[in-house]
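Just so you know, we're using the working numbering here: the sequence shown kicks off at 550 and counts up by one. Positions of the beta carbon are idealized from the N, C-alpha and C atoms, including for glycine. All values derive from a computational prediction rather than experimental measurement. Input: a single structure, listed below in structure tokens.
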Amino acid sequence: MSDKVARRGFLVGGAALLAAGCTSNEPEAAPSSAAAVPAPAASGNDEPGQKVVIGFSAPAADHGWIAAIAKNAEATAKQYSDVEFKPVEPTNDINQQISAVESLIAAKVNVLVILPNDGQQLNQVALQATEAGIPVVNLDRVFPDKLAYRTWVGGDNYGMGVAAGHFIGKQLKDKGVSDPVIVEIQGIATLPLTQDRTKGFADALKTYGFSVTAKQDAQFTVETGNEVATSLLQAHKKIDALWNHDDDQGVGVLAAIKEANRDEFIMVGGAGSLNAMKEIQSNTSVLKATVTYSPTMASSAIKLARLIAQGKGMSDLVENQVPQSITLASETITKENVENYMSLGFES
550 MSDKVARRGF
560 LVGGAALLAA
570 GCTSNEPEAA
580 PSSAAAVPAP
590 AASGNDEPGQ
600 KVVIGFSAPA
610 ADHGWIAAIA
620 KNAEATAKQY
630 SDVEFKPVEP
640 TNDINQQISA
650 VESLIAAKVN
660 VLVILPNDGQ
670 QLNQVALQAT
680 EAGIPVVNLD
690 RVFPDKLAYR
700 TWVGGDNYGM
710 GVAAGHFIGK
720 QLKDKGVSDP
730 VIVEIQGIAT
740 LPLTQDRTKG
750 FADALKTYGF
760 SVTAKQDAQF
770 TVETGNEVAT
780 SLLQAHKKID
790 ALWNHDDDQG
800 VGVLAAIKEA
810 NRDEFIMVGG
820 AGSLNAMKEI
830 QSNTSVLKAT
840 VTYSPTMASS
850 AIKLARLIAQ
860 GKGMSDLVEN
870 QVPQSITLAS
880 ETITKENVEN
890 YMSLGFES
């Protein structure tokens, strides 16, 4: 599900479309449960224009990253007097999300922002919206059919794996470890985003002559993270490195590690939660880095949806239209640079 270079971003009408986990060019705000929301900029694109209704659908906020997605989307919509934000009840039930999106289509919203529980299973309803003349901004989990969405915006899942793999690979090489035991705790194994993260991790490790010893998925939950970590720790009496895909489930992973009194390995997290950043900053546990996949992407999705509905483009690009796909960068947060990212952390 974010590390995720500082102070870099896409510009939409002069407002920072933050790269995943990047700091903005605005002064740092105090950390909150949601990632920082870019402030509206004084540009032509941000001047009030045609009134638009933005429909919004996302999974239930059962962990910090999704909660921050919803908060960022709503907060960004409120920045614009010409935007009516129309969210539907968040749900983790596929059929309920399909029904909710169908209700937004029936309401004839101007544009839809959808973070699907599963892109494959919601592909058809996204096609229905498109066929009804409602452009869809696909957030994060991608629809397999490109005809189902006007624009996709999300983090670099493959890049997350690459960043984690390079951090671990370099650390182990520097220590002179030749045949390391590397463990990987995934999110939901069936999701394409998880598979991309795993491939990026394997590809990066391969450049050091390393490979993953064991991997298991933990469903993006604290409880399952704890159970999976406990099982892997019992199965491997010595571990050199562990990559956990998601900082939310990482709360459970870290609890299991502390309960087992294990500290012989280094751990890398994923997404860039405030909890993980504080742990890295304290330098008192195995968690030494996290790779970003920031929920600021929801703010970017709302900004893009508004521009699309108003027939505008991105002012820093030559083209007249918003691009079809925007992939945000994944960066590595360590104790050396964590201060630059604290304002963008979200509570797990």
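| query | result |
| --- | --- |
| Excluding the 5 residues flanking residue 808 on each side, which residues of the same chain have their C-beta closer than 6 Å to its C-beta? | none |
| Can you tell me whether DSSP reads residue 749 as helix, strand or coil? | helix |
| What is the DSSP secondary structure of residue 741, counted as helix, strand or coil? | helix |
| Just verifying my parser: in three-state terms, what is the DSSP assignment at residue 841? | strand |
| Give me, in chain order, the residues of the same chain whose beta-carbon lies closer than 6 Å to that of residue 850; leave out the 5 immediate sequence neighbours on both sides. | 662, 686, 688 and 702 |
| May I have the straight-line CA-CA distance separating residue 628 from residue 764, to the nearest angstrom? | 43 Å |
| How is residue 655 classed by DSSP in three states: helix, strand or coil? | helix |
| How should residue 866 be labelled, buried or exposed, when 16 other C-beta atoms within 10 angstroms of its C-beta is the threshold for buried? | exposed |
| Does the count of Cβ pairs from the region 747-759 and the region 675-686 closer than 8 Å reach three? | no |
| CA-CA distance, residue 893 and residue 856? | 24 Å |
| Within 10 angstroms of its Cβ, does residue 657 collect 16 or more other Cβ (buried), or is it exposed? | exposed |
| Can you tell me whether residue 765 is helix, strand or coil according to DSSP? | strand |
| What is the rounded straight-line gap between the Cα of residue 722 and the Cα of residue 818? | 20 Å |
| With distances taken from CA atoms, which of 604, 726, 887 and 728 is nearest residue 633? | 604 |
| For the beta strand (DSSP E) that residue 782 lies in, which residues bound it at each end? | Not the beta strand (DSSP E): residue 782 falls in the alpha helix (DSSP H), residues 771-784. |
| Which word fits residue 704, buried or exposed, when buried means at least 16 other C-beta atoms lie within 10 angstroms of its C-beta? | buried |
| Hey, how far is the Cα of residue 744 from the Cα of residue 853? | 27 Å |
| Measuring CA to CA, which of 878, 889, 891 and 874 is closest to residue 692? | 874 |
| Return the CA-CA distance between residue 737 and residue 766, expressed in angstroms with no decimal places. | 6 Å |
| Just how far apart, CA to CA, sit residue 772 and residue 781? | 14 Å |
| Please look up how many angstroms separate the CB atoms of residue 690 and residue 667, rounded, as I've assumed it's under 8 Å. | 7 Å |
| From residue 830 to residue 715, what distance separates their C-alpha atoms? | 20 Å |
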